[in-house]
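One structure below.
Numbering (my numbering), first residue to last: 1 to 186.
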């Protein structure tokens, strides 16, 4: 995660970044420096995994081998389970996001017509919904991602039979199936 993104979106007082591969040092060596700097030796630490997994090609020392720990506690699945229950504020943000996504989706439907290209309709609906949302929420609105996004998921006409497709430069024809999605980040 890049530093600027973390500083802007994380609810923490201090962000520490490090270079990823390739680097002169393994990323876990930077983690070791940080843990020593903030005096984590001999502490009880919770972690979801004990170092880098190999799924993305990373390998290296186990987290627990970096510094002496009093105890390591597995938090595997803990964050995911916490996300199951939403606070009142989270529910309201989800509702607000849905309101703006509904606008984006409605514009997507309004602009869909025989002879239009999928990418043109997606871009137009996304841009218009984003500008309306930014104007309504005002200058203090600070998106944490794409403000609004309306798109066909690459699933227009014959491509609608393929799940998780990419955007296509397909011209809409009468009778085409259109698989759409819309989202908003508030």
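Ideal placement from N, C-alpha and C gives every residue a C-beta, glycine not left out.
Residues near residue i in its chain [Cβ-Cβ closer than 6 Å; skip 5 each side]
| i | result |
| --- | --- |
| residue 116 | 172 |
| residue 37 | none |
| residue 112 | 121 |
Sequence-distant residues of the same chain with beta carbon closer than 7 Å to residue i, five excluded per side
| i | result |
| --- | --- |
| residue 32 | 66 and 67 |
| residue 70 | 42, 43 and 44 |
| residue 75 | 46, 47 and 48 |
Through-space distance from residue j to residue i, alpha-carbon basis
| i | j | result |
| --- | --- | --- |
| residue 86 | residue 148 | 22 Å |
| residue 127 | residue 161 | 27 Å |
| residue 159 | residue 181 | 15 Å |
| residue 50 | residue 146 | 33 Å |
| residue 108 | residue 9 | 29 Å |
| residue 110 | residue 136 | 21 Å |
Same chain, Cβ closer than 8 Å to residue i, five either side skipped, listed in chain order
| i | result |
| --- | --- |
| residue 73 | 44, 45, 46 and 47 |
| residue 169 | 117, 118 and 119 |
Proximity below 7 Å, CB of residue i to CB of residue j
| i | j | result |
| --- | --- | --- |
| residue 186 | residue 93 | yes |
| residue 150 | residue 89 | no |
| residue 179 | residue 155 | yes |
| residue 35 | residue 16 | no |
| residue 183 | residue 101 | yes |
| residue 27 | residue 14 | no |
| residue 114 | residue 174 | yes |
Element boundaries [beta strand (DSSP E), containing residue i]
| i | result |
| --- | --- |
| residue 47 | 44-47 |
| residue 183 | 178-184 |
Whole-angstrom C-beta distance between residue j and residue i, which should lie under 8 Å
| i | j | result |
| --- | --- | --- |
| residue 142 | residue 157 | Not a contact, Cβ separation roughly 38 Å. |
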